[in-house]
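Enquirer: Residue numbers (this note's numbering): 126 to 546.
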């Protein structure tokens, strides 16, 4: 057998001891680093893991008309929540809350027994309901401040104002377009919890209120809006029309003073109405403007020197364009007319002739100078630009003749109105 000397054994033992000392020294240094230099970091991390944060929304800003009349405001409300880990008797708690919140016990029981940190039970409850719940002093049940959106004058220009969702987020209209501006900065309720999710009696607790959002002042005038609402309803019903629209604009600066659409909808119950009733068709829908467009054709012709206010026209009831008869609505024609009378009589052949005399390119350039074919840039979601094709060999001359009296292309009502502004 090979005999190992005592000296070699001692050297190996010494080497092993040195290795153990090095490892132990490393562990001591590492522990010291964590305990001393990283102590605050890990303390903060541990605290963060124990902290429960419940968001508190900021108060949404007010929307007012040009005179300062509030059209949409947020008023205080309450939201009731549960911390399932702190609920002592889910059945009794569900029964007590069901009576106040007008909710099914089974629904509440499911929420109260979930394995989650926090459960929303009902949002936007009244102050009276909140007081009743707090008076019960139910373990694991809390109430935090929130708000609800109301419209003091009812559904005034609802397609313009739009509405908000259950979390006070803008869903349609100006409530959506200016959502980031109107929505406040959220705050939070904070408390420290144990491993089971229960609040620590002497733990960290705090409340940071949310900051209110900005207030929005519109160009709308509530008095003009009410008159427009009544008139569009009356006119639509009397004529048996499917749809009616009135838009009132200040021609000096382009401000929209009223937008009335019929049929309309009730903001408070918007989900019960078809989407078509909720659209602001003044900016989201296009149509052929028809005779209302003749003023634009006249303006371009006068500006280009193709016609003057002294220009006359004899209307036999039609005009021949590329083998097509472009007819007047009055089949017998209007006979001899002055420039002003062609507008008064809404004479299609005259405005078709103006378009032909201008020629496709000059007429198209004149139309685009009114920004037709493009969006106006109005501050409203969902605006479209209409359809106006540039001249090409594929577009016959008769199409441009038809455009002269408002047919063969589309625009939005707001585009047409802006053309006269």
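Idealized CB from N, CA, C, for every residue including glycine.
#1: Do residue 198 and residue 277 have their C-beta atoms within less than 8 Å of each other?
#2: Could you please give the first and the last residue of the uninterrupted alpha helix (DSSP H) stretch that includes residue 283?
#3: Would the stretch 497–505 and the stretch 464–473 be scored as touching if the rule is three or more Cβ pairs under 8 Å?
#4: Give me, in chain order, the residues of the same chain whose beta-carbon lies closer than 6 Å to that of residue 255; leave out the 5 immediate sequence neighbours on both sides.
#5: Do residue 461 and the ligand ZN come close, with the Cβ less than 7 Å from some heavy atom?
#6: For the alpha helix (DSSP H) holding residue 543, just list the boundary residues, first then last.
#7: So, residue 401 versus residue 354, is the Cβ gap smaller than 8 Å?
#8: Enumerate in chain order the residues of its own chain whose CB-to-CB distance from residue 263 is below 7 Å, with the five nearest sequence positions on each side excluded.
#9: Quick one: any contact between the stretch 292–303 and the stretch 179–199, if contact means 3 or more CB pairs under 8 Å?
#10: What are the complete beta strand (DSSP E) segments, minimum 3 residues, inside the stretch 179–232?
#11: According to DSSP, is residue 249 part of a helix, a strand, or is it coil?
#12: Counting pairs of beta carbons, one from the stretch 364–384 and one from the stretch 235–250, are three or more of them closer than 8 Å?
#13: Tell me which residue opens and which closes the beta strand (DSSP E) that residue 267 is part of.
#14: As a quick exercise: from 343, 389, 209 and 361, pick the residue whose alpha carbon is nearest that of residue 195.
#15: Is it buried or exposed for residue 531, if we count other Cβ within 10 angstroms and need 16 for buried?
#16: Return yes when the Cβ of residue 423 is within less than 8 Å of the Cβ of residue 468, no when it is not.
#17: If the criterion is Cβ atoms closer than 8 Å, does the pair residue 545 and residue 392 meet it?
#18: Roughly how many whole angstroms lie between the Cα atoms of residue 421 and residue 498?
#19: Relative to the alpha-carbon of residue 446, which residue among 377, 479, 508 and 313 has its alpha-carbon at the smallest distance?
#20: Is residue 460 closer than 8 Å to residue 452 when the C-beta atoms are compared?
#21: Applying the 10 Å Cβ sphere with the 16-neighbour rule, what's the burial state of residue 529?
#22: Whose C-beta lies closer than 7 Å to the C-beta of residue 238 among residues of the same chain, with five residues either side of it excluded?
Expert: A quick look at the data gives this:
#1: yes
#2: 283–286
#3: no
#4: For residue 255, where only same-chain residues beyond five positions count, the Cβ hits under 6 Å are 203 and 268.
#5: Among the components of this structure there are no ligands whatsoever, and the ligand ZN is therefore not found.
#6: 538–544
#7: no
#8: Only 218 and 221 meet the Cβ criterion.
#9: With a cut-off of 8 Å, the stretch 179–199 and the stretch 292–303 count as touching, because enough Cβ pairs lie within range.
#10: With a minimum length of 3 residues, the continuous beta strand (DSSP E) runs that stay inside the stretch 179–232 are 195–207.
#11: strand
#12: no
#13: 266–275
#14: 343
#15: buried
#16: yes
#17: no
#18: 14 Å
#19: 479
#20: no
#21: buried
#22: 209 and 215
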